[in-house]
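According to our numbering, the sequence shown is numbered sequentially starting from 2. See below for the structure under consideration.
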Amino acid sequence: MIKMTGKIYIIGIGPGSSEYLTKKAIDTVEMSDYTVGSTRAIDLFDDAPGKIAFNVKDLLDKLEEGVKLAADGNTVSILSTGDPGFSGVLNTVLRLSDENNFPEENIEVIPGISSLQLAAAECHIQWDNANVMTFHGRENIEDILPVINNGKTTIALPSRKVRDMAQFLLDNGVEADRKVTVCERLSYPDERIVTTTLDEIADSEFTYMCIIVIYP
Numbered sequence: 002m003i004k005m006t007g008k009i010y011i012i013g014i015g016p017g018s019s020e021y022l023t024k025k026a027i028d029t030v031e032m033s034d035y036t037v038g039s040t041r042a043i044d045l046f047d048d049a050p051g052k053i054a055f056n057v058k059d060l061l062d063k064l065e066e067g068v069k070l071a072a073d074g075n076t077v078s079i080l081s082t083g084d085p086g087f088s089g090v091l092n093t094v095l096r097l098s099d100e101n102n103f104p105e106e107n108i109e110v111i112p113g114i115s116s117l118q119l120a121a122a123e124c125h126i127q128w129d130n131a132n133v134m135t136f137h138g139r140e141n142i143e144d145i146l147p148v149i150n151n152g153k154t155t156i157a158l159p160s161r162k163v164r165d166m167a168q169f170l171l172d173n174g175v176e177a178d179r180k181v182t183v184c185e186r187l188s189y190p191d192e193r194i195v196t197t198t199l200d201e202i203a204d205s206e207f208t209y210m211c212i213i214v215i216y217p
């Protein structure tokens, strides 16, 4: 019997609210055999088939399970918060697919709306002229220092607590009264947008779901 190769769709699900799901994302999940994603992501879809939910600890195992199901001939949707290509699962799925000899031509990426885009919209920022940075999964936040004073607005996904990044900037000579906006839990009912100074942010508490905007 000839083994059939299936299909993987890596789907951006937006910042978190179902309002930001694209029609293509919804239609693709509905026609899939399996849906792999965090519980929060899967819950956005009313009738997601073959649900395989993961948490931070078993993310790699569940993604690999999805790749292997596709290799067995199934259609698998893998859900990625925001856009798969920005702090998403794109690179991880491509690596796992290569390790499992799953052909890259059978992978389709369906983009989504990043929380970074939504933050730029909320703050009225022309974000193609901003420093756009992500520190998710990275400890080298010192990479922000060469650009923080280049005259552009900086929009960043912090790797740790927002207050820790603010304190790091203060410790490295950024002015205490630098204007900063923190966009927290964008698109959710309890969304919060706070504009204040860097030193005030360093003394404030926010959840991990934040974008930090640092103005010139």
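We treat Cβ as the ideally placed atom computed from N, Cα and C, and that holds for glycine.
Quick one, are the C-beta atoms of residue i and residue j less than 8 Å apart?
i           : j           : result
residue 116 : residue 12  : no
residue 112 : residue 84  : yes
residue 155 : residue 134 : yes
residue 109 : residue 95  : no
residue 199 : residue 173 : no
residue 14  : residue 98  : no
residue 53  : residue 66  : yes
residue 70  : residue 93  : no
residue 68  : residue 107 : no
residue 7   : residue 56  : no
Helix, strand or coil for residue i? Go by DSSP, reduced to three states.
i           : result
residue 3   : Reliability fails at residue 3, whose pLDDT of 45 lies under 50, so the model's placement of it is uncertain and the value that follows must be treated cautiously. Three-state DSSP puts residue 3 in coil, outside helix and strand.
residue 8   : strand
residue 90  : coil
residue 35  : strand
residue 17  : coil
residue 189 : coil
residue 106 : helix
residue 52  : strand
residue 111 : strand
residue 27  : helix
residue 176 : coil
residue 204 : coil
residue 101 : coil
Mind checking who residue i pairs with in its DSSP beta bridge?
i           : result
residue 46  : None; residue 46 has no bridge partner.
residue 210 : Its beta-bridge partners do not exist; DSSP assigns none.
residue 196 : 182
residue 155 : 132 and 215
residue 80  : 12
What is the C-beta distance between residue i and residue j, in whole angstroms, given that I count them as a contact (C-beta under 8 Å)?
i           : j           : result
residue 188 : residue 119 : 6 Å
residue 16  : residue 36  : Going by Cβ atoms, the distance from residue 16 to residue 36 rounds to 19 Å, so no, they are not a contact pair.
residue 185 : residue 192 : 7 Å
residue 182 : residue 195 : 7 Å
residue 157 : residue 203 : Actually they are not in contact, since the Cβ atoms of residue 157 and residue 203 sit about 15 Å apart, beyond 8 Å.
residue 149 : residue 160 : Between residue 160 and residue 149 the Cβ distance is about 16 Å, and since that is not below 8 Å, they are no contact.
Between which two residues does the alpha helix (DSSP H) carrying residue i extend?
i           : result
residue 234 : Since the first and last residues shown for the chain are 2 and 217, residue 234 lies out of range.
residue 143 : Segment: none, residue 143 is in no alpha helix (DSSP H) and carries neither H nor E.
residue 122 : 116-123
residue 66  : 60-72
Do we get a CB-CB distance below 8 Å when we pair residue i with the residues of chain B?
i           : result
residue 153 : Absence of chain B from the displayed structure is noted, only one protein chain being present.
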